[in-house]
Amino acid sequence: MVDEVQKTIRRTRQYWYADGFAEITIGLLFFVLGLIFLGQAHVPARSVYGVALQLALPVVFLLGFWLSRHVIRSLKERITYPRTGYVSYPKPSVRRRRLALAAAALIAVPIAGFLARYHPLPVNWTPLVEGLMTAVILILAGQGLKRFWVIGGFSLVLGLGLSFVHLENPDVRGSAYFYGISGLVIMICGLLTLLKYLRCSSAEEHQ
Amino acid sequence: MNPDLRDFAEMDRVIHEPARLLIVTILYAAESVDFLYLLRETGLSKGNISTHMAKLEQAEYLVVDKRFRGKIPHTVYRLTDKGRAAFETYHRRLKRIVDSAAGIVKP
Chain V
18 MVDEVQKTIR RTRQYWYADG FAEITIGLLF FVLGLIFLGQ AHVPARSVYG
68 VALQLALPVV FLLGFWLSRH VIRSLKERIT YPRTGYVSYP KPSVRRRRLA
118 LAAAALIAVP IAGFLARYHP LPVNWTPLVE GLMTAVILIL AGQGLKRFWV
168 IGGFSLVLGL GLSFVHLENP DVRGSAYFYG ISGLVIMICG LLTLLKYLRC
218 SSAEEHQ
Chain H
14 MNPDLRDFAE MDRVIHEPAR LLIVTILYAA ESVDFLYLLR ETGLSKGNIS
64 THMAKLEQAE YLVVDKRFRG KIPHTVYRLT DKGRAAFETY HRRLKRIVDS
114 AAGIVKP
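Protein chains in written order, with my numbering: chain V, 18 to 224; chain H, 14 to 120.
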C-alpha cells in the first residue's frame with residue numbers, strides 16, 4: 018500500500034512528460050544552439066556575423082529556456098488538458114532549489130579542479146562536460162522515466178565520443194555537433210512520445 | 014496503549030477509504046488537478062468522485078475551484094494545508110505500521 022502511494026505520486030509527477038512536449042521544446046532549443054555554434058565555426062570570430070552569433074548565444078539560451086515553459090504550457094492547454102486532464106505542479110521549494118544548486122556545484126567543482134590541474138588536456142573536454150551536465154539534468158528532471166535515462170546516457174556517450182574526435186576549431190565545433198545531434202535525438206524522442214500519446218488518448222476517447 | 018495499536022486507532026478515516034486515499038495521493042503530488050484527470054487516473058465513476066470530493070471538502074482537506082474554459086465548465090481541486098498535513102501524518106503512520114509488521118522497527 019505504501020508502495021502504491023509512492024507509485025501514484027510518481028505517476029502524477031511523470032504526467033508532465035506524458036505528451037513529449039517538454040522534450041520537443043528542449044530538443045528544438047538544443048538544435049538551435051547547435052546551429053548557432055556551427056555558424057560561429059564558419060564565420061571569422063571578429064566579423065559582424067561572428068559578433069552577432071556570439072551575442073545571440075546567451076540570448077537564445079536564456080530566452081529559450083524562459084519561453085519553453087510558456088510554449089509547453091500553451092501546447093498542453095490546447096492538446097493535452099482537454100484530452101487527458103489538467104495537472105499543475107507546485108514550484109520547487111527553497112530546499113529543493115538549494116539541493117539542485119549543491120548538486121550542480123558538486124559536479125562542477127571537481128570538473129573545474131581537474132581541468133585546471135591537467136590543462137591542456139589531450140582531448141577536447143567541452144563536449145564531454147556538456148554531455149555530462151545534460152545527462153545529469155535530464156536524469157534528475159525525468160522523474161525516473163526510462164526514456165530520460167536513455168537520452169541522458171546517449172548525451173553522455175555523445176559528449177565522450179566527440180571529445181576524442183579531432184576537429185578543426187574543436188571547442189565550437191564540438192559544441193555544435195553535441196547540441197545539434199543531442200537536440201535532434203531529444204526532439205525525435207519527444208515526437209515519438211507525442212505520437213504514442215495521441216494514439217492512446219484518441220483510443221481512450223473512442224472507448 | 015501499544016504504540017503500534019495507537020497508530021491503527023488514530024488512522025484518519027477520511028483518507029483511509031481506498032478511493033479517497035488514491036484521490037488525496039494524486040492531489041498531494043500536484044498543486045491542482047481537474048476532474049477529467051481524476052476520472053481517468055482513478056477509474057471511478059463521475060458520481061463516485063463527486064461523493065468523495067464532497068467528503069474531503071467537508072473535512073476541509075480540499076478546495077474546489079469552478080471555472081469556465083471557453084463555454085465548458087472546468088472544475089479544479091487543490092489540497093488545503095490541512096489536507097496536506099493530514100496526508101503526511103496518514104502516510105507516516107501507515108509506513109510505521111507496515112515497517113512494524115515487517116519486523117523492521119525494533120522495540
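Cβ coordinates follow ideal geometry from the N, Cα and C atoms, glycine included.
inquiry  = For the segment 34-59 of chain H, list every residue whose C-beta sits within 9 Å of some C-beta in chain V, in sequence order.
reply    = L34, L35, T38, I39, L40, Y41, A42, A43, E44, S45, V46, D47, F48, L49, Y50, L51, L52, R53 and E54
ask   = Can D36 of chain V and T210 of chain V be called in contact, C-beta distance under 8 Å?
value = Here residue 36 of chain V corresponds to residue number 19 of the first sequence, with the count starting at 1. Here residue 210 of chain V corresponds to residue number 193 of the first sequence, with the count starting at 1. For D36 of chain V and T210 of chain V, yes; Cβs fall inside 8 Å.
task = Using alpha carbons as the reference points, say which of V:K93, V:G81 and V:L179 lies closest to I43 of chain V.
result = What you label residue 43 of chain V is simply residue 26 of the first sequence in a count that begins at 1. When only C-alpha atoms are compared, the closest one is V:G81.
key: Any beta strand (DSSP E) of 3 or more consecutive residues that is wholly inside the segment 30-90 of chain H   = 45-47 and 75-82
inquiry  = I want to verify the contact list: residues of chain H whose CB lies under 7 Å from the CB of S105 of chain V, in sequence order.
reply    = Taking the first residue of the first sequence as position 1, residue 105 of chain V is located at position 88. In chain order: A43, E44 and S45.
query = Are the beta-carbon atoms belonging to A73 of chain V and I41 of chain V less than 8 Å from one another?
reply = Taking the first sequence and counting its residues from 1, one reaches residue 73 of chain V at position 56. Taking the first sequence and counting its residues from 1, one reaches residue 41 of chain V at position 24. Going by C-beta atoms, A73 of chain V is not nearer than 8 Å to I41 of chain V.
query = So, helix, strand or coil for L92 of chain H, using DSSP?
reply = The residue you call residue 92 of chain H lines up with position 79 of the second sequence. If DSSP states are grouped into helix, strand and coil, L92 of chain H belongs with the strands.
ask   = Given that a residue counts as buried once 16 or more other Cβ atoms are within 10 Å of its Cβ, and exposed if not, what is D47 of chain H?
value = The count along the second sequence starts at 1 and reaches residue 47 of chain H at position 34. Burial call: buried.
message = If I follow the unbroken alpha helix (DSSP H) through E40 of chain V, where does it start and stop?
response = Within the first sequence, numbered from 1, the residue matching residue 40 of chain V stands at position 23. Here the alpha helix (DSSP H) through E40 of chain V covers F38 to H59.
task = For H65 of chain H, decide whether its Cβ has a neighbour in chain V, counting only Cβ atoms nearer than 8 Å.
result = As a position in the second sequence, residue 65 of chain H is number 52, starting the count at 1. So, not an interface residue.
message = Can you confirm whether the segment 25-36 of chain V touches the segment 193-203 of chain V when touching is taken to mean that 3 or more C-beta pairs between the two stretches lie within less than 8 Å?
response = no
task = Compare the beta carbon distance of A39 of chain V and I89 of chain V with 8 Å and say whether it is the shorter of the two.
result = Reading the first sequence from its first residue, position 22 is the one you call residue 39 of chain V. Reading the first sequence from its first residue, position 72 is the one you call residue 89 of chain V. Taking 8 Å as the Cβ cut-off, A39 of chain V and I89 of chain V qualify as a contacting pair.
ask   = Is R169 of chain H near L69 of chain H, with beta carbons less than 8 Å apart?
value = For chain H, the structure presents residues 14 to 120; residue 169 of chain H sits outside this window and is missing.
task = Could you spell out where the alpha helix (DSSP H) holding Y135 of chain V opens and where it closes?
result = Here the question's residue 135 of chain V lines up with position 118 in the first sequence. It spans V111 to Y135 - the alpha helix (DSSP H) in which Y135 of chain V sits, taken as one unbroken run.
ask   = Comparing the C-beta of V89 of chain H with each C-beta of chain V, is any distance below 8 Å?
value = Indexing the second sequence from 1 puts residue 89 of chain H at position 76. So, interface residue.
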